[in-house]
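Here's the structure we're looking at; comments come further down.
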RNA sequence: CGGGGCGUGGCGCAGCCUGGUAGCGCACACGCUUGGGGUGCGUGUGGUCGCCGGUUCAAAUCCGGCCGCCCCGACCA
């Protein structure tokens with residue numbers, strides 16, 4: 281399904297000297313500027329984050345890729361628990377009839393649902409679907425657990441896999457099976473549920489920006505982009521360097537739609553039967569794709585220290601046999617000191633590969649900080665530190681061994697902040713305001729994704745549809761808390777428009 | 001489902017036109033060498049050429065059928 285090697289060689293101009301080009305391609309990934317999609321695929325394979333599987337649309341998470349997910353998951357899980365939600369686990373299989381209970385929900389998901397028709401060698405009485413999301417089965421259980429306002433709020437989160445039979449898949453960004461967390465809550469009042477929806481949006485926003493160093497626009501979705509069955513969908517959207525937007529997480533206010541469909545009722549303080557107001561919210565392994573694209577360069581991955589499986593790699597260097605023991609001893613001592621300080625450290629003592637090879641290897645894998653230590657450094661009581669966020673000689677500096685822990689901690693903090701700064705600059709330079717529809721169309725026709733377009737939109741679906749059909753850009757987010765503008769005019773119909781929206785071509 | 005392309009060691013490809021029993025690069029293993037930015041050399045492992053059938057003394061190569069995959073389109077939080 282995916283091309284293991286990019287099409288770039290096939291697409292290369294006929295006068296390319298293949299014998300030379302091939303030699304280069306074996307060592308380097310496809311340059312990002314040349315073919316963004318090929319660069320992305322190359323990086324994932326070469327950095328050993330994931331591999332293709334024999335099953336169409338499904339990928340294997342290799343240890344280095346899964347470690348990023350684990351680090352990300354542990355931190356987000358901690359933040360989710362802080363809001364009061366608790367983890368639980370619901371079945372992978374859901375009775376097919378459940379999906380049909382909420383009209384919009386079934387319409388939205390039925391086409392991409394996998395169905396199990398046989399088990400134990402027999403045809404099942406009722407087919408089971410493999411969950412594409414768990415609203416139905418969780419609300420079925422909520423109906424049995426909720427009786428009184430004293431049972432509310434009920435806040436459940438689960439980490440699991442889900443399956444959506446996508447027609448077109450890409451590693452991390454859209455796979456048939458993916459890992460995610462899905463939160464589901466039920467509240468006594470609309471206000472409480474709406475507050476929860478926005479609270480979780482803010483949890484996601486701060487988590488992705490601070491921990492993953494990915495700049496975002498937070499806002500609500502247009503009616504057309506809403507989750508099937510939701511009253512309101514909120515989103516965090518990022519912009520990839522190729523100018524296409526990536527939805528990084530969503531939080532939905534479900535109103536009473538599912539409560540009514542699944543007959544969830546409780547007695548309030550006045551002994552009156554009420555349907556609770558609900559929310560659901562989730563982020564997925566798609567975030568790994570966002571990390572790769574937002575930070576990576578032609579040398580490979582660039583991982584924020586917060587999620588990197590290895591934060592610091594030590595490369596010992598020696599020339600003569602007599603130097604080896606001394607260098608290794610200092611390197612090991614250094615690794616121990618940093619590990620004791622709570623850092624994730626690797627000491628690369630491989631023989632038979634040159635230091636230069638190791639430098640490139642660890643840069644490909646995105647390790648934020650490399651410490652080179654050779655005979656000269658040992659003699660001087662220092663190491664050479666090379667920052668992954670600053671390529672080449674400018675990123676190198678000498679650090680005294682005596683103050684190594686403090687220095688490394690400081691540099692990791694600087695790298696985390698700088699990766700965000702670089703990504704933000706990239707997004708800002710690709711975000712434009714438009715007041716003229718012809719200019720918007722021209723921008724979106726350009727090669728590449730077209731970037732974020734910030735514009736006034738009246739909110740009418742007809743104008744939104746026209747933009748989508750004529751520019752292929754969709755409404756990604758309508759930022760929250762805008763101060764109403766009396767002078768705004770819809771970019772399409774010129775009617776008064778109170779709010780600005782961000783449009784972009786999306787993944 | 002419509003249009004286009006491709007199936008040859010793990011990966012990328014050549015060989016096919018003009019049949020003679022498979023080759024190159026990378027990767028991998030071993031040895032020496034090298035080591036502060038992807039060292040160099042040597043030796044070696046690994047393939048019923050997508051599948052089935054036909055033609056022929058002989059098929060990766062020619063003929064027929066089938067299967068699979070990829071790209072574009074349709075579709076899609």
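Residue numbers (my numbering): 281 to 787. From the three backbone atoms N, C-alpha and C, an ideal C-beta is built for every residue, glycine too. Here the structure is a predicted model, which means the values were calculated and not measured.
Ignore the nearest five residues each way along the sequence and tell me which others in residue 617's own chain have a CB closer than 7 Å to its CB. Counted from its first residue, the first chain places residue 617 at position 337. Hits under 7 Å: 684 and 685.
Per DSSP, the bridge partner or partners of residue 754: Position 474 of the first chain, counted from the first residue, corresponds to residue 754. Answer is 784.
Within its chain, find whatever has a CB closer than 7 Å to the CB of residue 610; leave out the 5 residues flanking it on each side and keep chain order. Counted from its first residue, the first chain places residue 610 at position 330. The beta carbon of residue 610 sits closer than 7 Å to those of 653 and 658, all from its chain and outside the five residues before and after it, given in chain order.
Based on the DSSP output, what are the partners of residue 544 in its beta bridges? Counted from its first residue, the first chain places residue 544 at position 264. In DSSP, residue 544 forms no bridge with anything.
Taking residue 761 as the reference, which of 579, 706, 776 and 478 has the closest Cα? Reading the first chain from its first residue, position 481 is the one you call residue 761. That would be 478, whose Cα lies nearest to the Cα of residue 761.
Which ranges would you report for the beta strand (DSSP E) in the region 533-600 if only whole runs of at least 3 residues count? Fully enclosed beta strand (DSSP E) runs of 3 or longer: 557-564 and 592-596.
Integer Cβ distance of residue 650 from residue 639, believed to fall under 8 Å: Numbered from 1 along the first chain, position 370 holds the residue referred to as residue 650. Numbered from 1 along the first chain, position 359 holds the residue referred to as residue 639. With 8 Å as the limit, residue 650 and residue 639 qualify as a contact, their Cβ atoms being about 7 Å apart.
Would you mind sorting residue 645 into buried or exposed? The rule is 16 or more other CB atoms within 10 Å of its CB. Taking the first chain and counting its residues from 1, the one referred to as residue 645 is at position 365. That one is buried.
Please state the DSSP three-state secondary structure of residue 353. In the first chain, the residue the question calls residue 353 occupies position 73. If DSSP states are grouped into helix, strand and coil, residue 353 belongs with the helices.
Quick check on the DSSP output: the alpha helix (DSSP H) that includes residue 703 runs from which residue to which? For the purposes of this step, residue 703 is identified with residue 423 of the first chain, where counting begins at 1. Unbroken alpha helix (DSSP H) run through residue 703: 684-709.
Taking contact to mean at least 3 C-beta pairs separated by less than 8 Å, is the region 347-367 in contact with the region 433-443? Short answer: they touch.
With residue 681 and residue 664 assumed to form a contact (beta carbons below 8 Å), what rounded beta-carbon distance in angstroms separates them? Here residue 681 refers to the residue found at position 401 of the first chain. Here residue 664 refers to the residue found at position 384 of the first chain. About 11 Å; that fails the 8 Å criterion.
Distance, Cα to Cα, residue 603 vs residue 612? Within the first chain, numbered from 1, the residue matching residue 603 stands at position 323. Within the first chain, numbered from 1, the residue matching residue 612 stands at position 332. Between residue 603 and residue 612, the C-alpha separation is close to 14 Å.
Please list the terminal residues of the continuous alpha helix (DSSP H) segment that includes residue 498. Counted from its first residue, the first chain places residue 498 at position 218. No alpha helix (DSSP H) holds residue 498; the beta strand (DSSP E) holding it covers 497-500.
Which residue wins for smallest C-alpha separation from residue 666, given the options 660, 751 and 679? Taking the first chain and counting its residues from 1, the one referred to as residue 666 is at position 386. Nearest of 660, 751 and 679 to residue 666, Cα basis: 679.
How would you call residue 304, buried or exposed, if buried means at least 16 neighbouring beta carbons within 10 angstroms? Walking along the first chain from the start, residue 304 turns up at place 24. Residue confidence for residue 304 is low, a pLDDT of 42 falling below 50, so the modelled location carries little weight and cannot support an answer.
Could you work out which residue in 547, 758, 464 and 480 is closest to residue 506 when comparing CA atoms only? Taking the first chain and counting its residues from 1, one reaches residue 506 at position 226. Of the listed residues, the one whose Cα sits closest to residue 506 is 758.
For residue 570 and residue 528, which I take to be in contact (beta-carbon distance under 8 Å), what is that distance rounded to the nearest angstrom? Reading the first chain from its first residue, position 290 is the one you call residue 570. Reading the first chain from its first residue, position 248 is the one you call residue 528. Residue 570 to residue 528, Cβ: 6 Å. Contact.
Between the C-alpha atoms of residue 696 and residue 568, what's the straight-line distance to the nearest angstrom? Position 416 of the first chain, counted from the first residue, corresponds to residue 696. Position 288 of the first chain, counted from the first residue, corresponds to residue 568. C-alpha separation (whole angstroms): 16 Å.
When 783, 427 and 341 are compared against residue 547, the one with the closest alpha-carbon: Residue numbering aside, residue 547 sits at position 267 when the first chain is read from its first letter. Closest by C-alpha distance to residue 547, out of 783, 427 and 341, is 427.
Residue 369 in three-state terms, based on DSSP: Position 89 of the first chain, counted from the first residue, corresponds to residue 369. The answer is coil: DSSP assigns residue 369 none of H, G, I, E or B.
Could you check what DSSP says for residue 432 in three-state terms: helix, strand or coil? Position 152 of the first chain, counted from the first residue, corresponds to residue 432. Residue 432 falls in the coil class under three-state DSSP.
Using three-state DSSP, classify residue 510 as helix, strand or coil. If you number the first chain from 1, residue 510 lands on position 230. In the three-state reduction of the DSSP assignment, residue 510 falls in the coil class.
Return the CA-CA distance between residue 689 and residue 345, expressed in angstroms with no decimal places. Here residue 689 corresponds to residue number 409 of the first chain, with the count starting at 1. Here residue 345 corresponds to residue number 65 of the first chain, with the count starting at 1. So the two alpha carbons sit approximately 24 Å from each other.
In three-state terms, what does DSSP make of residue 338? Taking the first residue of the first chain as 1, we reach residue 338 at position 58. Coil at residue 338, not helix or strand.
Can the beta-carbon of residue 389 be found closer than 8 Å to that of residue 404? Here residue 389 refers to the residue found at position 109 when the first chain is read from its first residue. Here residue 404 refers to the residue found at position 124 when the first chain is read from its first residue. No Cβ-Cβ contact shorter than 8 Å links residue 389 with residue 404.
Which residue from 393, 702, 724 and 787 puts its Cα closest to that of residue 576? Here residue 576 is taken as the residue at index 296 of the first chain, counted from 1. Answer by Cα proximity: 702.
Completely contained beta strand (DSSP E) runs for the region 366-410, where each covers 3 or more residues: When DSSP assignments are scanned along the region 366-410, the uninterrupted stretches of beta strand (DSSP E) that are 3 or more residues long and fall wholly within it turn out to be 373-375, 394-399 and 402-410.
Taking just the CA atoms, how far does residue 393 sit from residue 369? Here residue 369 is taken as the residue at index 89 of the first chain, counted from 1. Here residue 393 is taken as the residue at index 113 of the first chain, counted from 1. Straight through space, the alpha carbons of residue 393 and residue 369 are spaced by roughly 20 Å.
Inter-residue spacing [alpha-carbon to alpha-carbon] between residue 591 and residue 314: Position 311 of the first chain, counted from the start, is the residue given in the question as residue 591. Position 34 of the first chain, counted from the start, is the residue given in the question as residue 314. A straight-line Cα-Cα distance of about 29 Å links residue 591 and residue 314.
Name the DSSP beta bridge partners of residue 526, please? Translated into the one-based positions of the first chain, residue 526 becomes position 246. Partner(s): 518.
When DSSP labels each residue in this structure, what does residue 626 get in the three-state scheme? As a working note, residue 626 is residue 346 in the first chain. Of the three classes helix, strand and coil, the one that applies to residue 626 here is strand, per DSSP.
Just to confirm before moving on: does the CB-CB distance between residue 593 and residue 460 stay below 8 Å? Here the question's residue 593 lines up with position 313 in the first chain. Here the question's residue 460 lines up with position 180 in the first chain. Contact flag unset, no.
Below 7 Å CB to CB, which residues in the same chain sit around residue 350 once its five sequence neighbours on both sides are set aside? Here residue 350 refers to the residue found at position 70 when the first chain is read from its first residue. Here the set comprises nothing.
Opening and closing residue of the beta strand (DSSP E) in which residue 737 lies: Counting from one through the first chain, the residue named residue 737 turns up at place 457. Looking at the DSSP string, the run of the beta strand (DSSP E) that includes residue 737 is 732-737.
Quick check: what's the CA-CA separation for residue 357 versus residue 599? As a first step, residue 357 is located in the first chain; it is residue number 77 there, counting from the start. As a first step, residue 599 is located in the first chain; it is residue number 319 there, counting from the start. Approximately 47 Å between the Cα atoms of the pair.
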